[in-house]
Amino acid sequence: MARFNKMQVLDAIVSTGMVPVYYNKDVEIAKQVVKACYEGGVRAFEFTNRGDFAHEVFAELIKFATKECPELVLGVGSIVDAGTASLYLQLGANFVVGPLFNPEIAKVCNRRLVPYTPGCGSVSEIGFAQEVGCDLCKIFPAGNVGGPSFVKNIKAPMPWSMIMATGAVEPTEENLSAWFKAGVTCVGMGSKLFPKEMIAAGNWEAISTLCRDALATIKKYR
C-alpha cells in the first residue's frame, strides 16, 4: 500500500514543483541517486519502469526510501497498462505516471486513491483525463507538443488545469523560468538532472547541488 495519501502526494509535488525521473537496473546506484535528490530538497521522485525486473529494483528502493528518506514520496513512471500499475501499487507506489493516457489505469489508481498522472499531447486528452479523476496531467513529450506556449494556451480556456511538463526540461534558469511563467504546476526532469559522468563517478553531492539549484530557480519564478 501507498505510505502517503493522495493529498499528501499532490502537496509534495505541487509544493516543490519538480519530480526527478530516473531508472537504473543497479539498485545500489538507484538508492544513491534517490538519497542525493532527497538531500537536495526533492520530496517526490519517479522511478521509471524501463527495464527487465524494474519492479524488483523498485521494491528494494521503496524500502530504502522509507528508512533513509522518510519524507520522500516515491512513485513509478512509464506505466502504460492497468496490470503493471497494479503490480507497482502492491509494492507501495505512491503515484503512477505514464507516457500516455489509459483510462483503465485511472480506474485501478482511483480505487486505491493513488494519483495517476497520464501523458497527454492534446487539449482533448487532458480533458478526458480530467473527466476520470486525473488531477495532474503530464504533457509529453513537452518540447514536441508545443513547449511553454502550449501550456499557456491550455491554461487560458482551462485555468483549473494542473500541468506537469516532462521532456525538454533542463535545470537552467532560462528553461525553468519559461515553463513556470507559462503556468505549469511542476516539471518532470530526467537525464539533464543526472549527467552520465556524475553517475559514473559517484558524484552524489553534485546531483544534490543540481537539485537544490533547480528547486531554488523554481521557487523564484512561481
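Under our numbering, read the sequence shown as residues -10 to 211, first letter to last. Don't be surprised by glycine CBs; every beta carbon is placed ideally from N, CA and C. Remember, predicted model here, so these are calculated numbers, not experimental data.
According to DSSP, what are the bridge partners of residue i?
i: G108; result: K127
i: L63; result: F34
i: M153; result: K127 and C175
i: V85; result: V65 and Y105
Among the options, which has the Cα closest to the Cα of residue i?
i: I188; options: V22, K(-5), R211 and S4; result: V22
i: P137; options: L78, I152, R201 and I94; result: I152
i: V222; options: V65, V112 and Q(-3); result: The first residue shown for the chain is -10 and the last is 211, placing residue 222 beyond what the model contains.
i: T38; options: T161, L78, G110 and G191; result: Reading off the sequence shown, one finds Asn at residue 38, where the question assumed Thr. Out of T161, L78, G110 and G191, L78 has the C-alpha closest to the C-alpha of N38.
i: V121; options: E194, Y105 and M178; result: Y105
i: F129; options: G87, L63 and C58; result: G87
i: A195; options: L102, K127 and A25; result: A25
First and last residue of the beta strand (DSSP E) that includes residue i?
i: M187; result: M187 -> not in any beta strand (DSSP E); alpha helix (DSSP H) instead, spanning K185 to A190.
i: Y11; result: M7 to Y11
Hey, quick one: how far does the alpha helix (DSSP H) through residue i stretch, first residue to last?
i: A95; result: P92 to R101
i: G72; result: A71 to Q79
i: G135; result: No alpha helix (DSSP H) contains G135, which DSSP labels as neither H nor E.
i: A203; result: W193 to Y210
i: C26; result: V16 to E28
i: E45; result: A43 to E57
Am I right that residue i and residue j are in contact with their C-beta atoms under 8 Å? What's the rounded C-beta distance?
i: V176; j: A205; result: Not confirmed; about 14 Å, so no contact.
i: C98; j: V85; result: 5 Å
i: L63; j: N83; result: 6 Å
i: E35; j: P9; result: 7 Å
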